[in-house]
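Numbering (my numbering), first residue to last: 336 to 435.
Don't be surprised by glycine CBs; every beta carbon is placed ideally from N, CA and C.
Please read these numbers as outputs of a predicted model, since none were measured by experiment.
Structure, as structure tokens:
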Amino acid sequence: MLHLNSACRYFYYNGTADFRKGAYGLSGLVRNEMQQDVLSGDVFIFIGRRGDRIKLLQWDSDGFALYEKDWSRALLKDLPPAITIIFASPHSNYNLFCRV
336 MLHLNSACRY FYYNGTADFR KGAYGLSGLV RNEMQQDVLS GDVFIFIGRR
386 GDRIKLLQWD SDGFALYEKD WSRALLKDLP PAITIIFASP HSNYNLFCRV
């Protein structure tokens, strides 16, 4: 089960993810491209190329939880204003986000 709360850290993948990938394929992106520990309990956010799909990936105590949402039109072309970048590395394809 996906556990989202203010104690979680949220990482946004700033590249184009192949949305045919499931939990294990996306966990490879987290490890290899984002260079993060996918087993940390942090939430990893992937947005589709057209901005109409989102996937959230999180490890809980007994496996991966993967949430996917499709919209009828592109809603996520730009980041929502309620989210602020608090860390951005020019040497990697991720940004760390937190709620304002």
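What number of angstroms, rounded off, separates the C-alpha of residue i from the C-alpha of residue j?
i, j, result
"D372", "R388", "24 angstroms"
"T351", "G357", "14 angstroms"
"Y347", "D397", "23 angstroms"
"G383", "D353", "8 angstroms"
Using a 10 Å radius around the Cβ and a threshold of 16 neighbouring Cβ atoms, would you call residue i buried or exposed?
i, result
"Y359", "exposed"
"S407", "exposed"
"K404", "exposed"
"S362", "buried"
"L392", "buried"
"L364", "buried"
Please work out which residues of its chain come closer than 7 angstroms, Cβ to Cβ, to residue i, disregarding the five sequence neighbours upstream and downstream, and give them in chain order.
i, result
"M336", "D395 and A400"
Using the three-state DSSP reduction, which class does residue i fall into: helix, strand or coil?
i, result
"G398", "strand"
Using a Cβ-Cβ cutoff of less than 6 angstroms, which residues in the same chain neighbour residue i once the five nearest sequence positions on both sides are dropped?
i, result
"L374", "W394"
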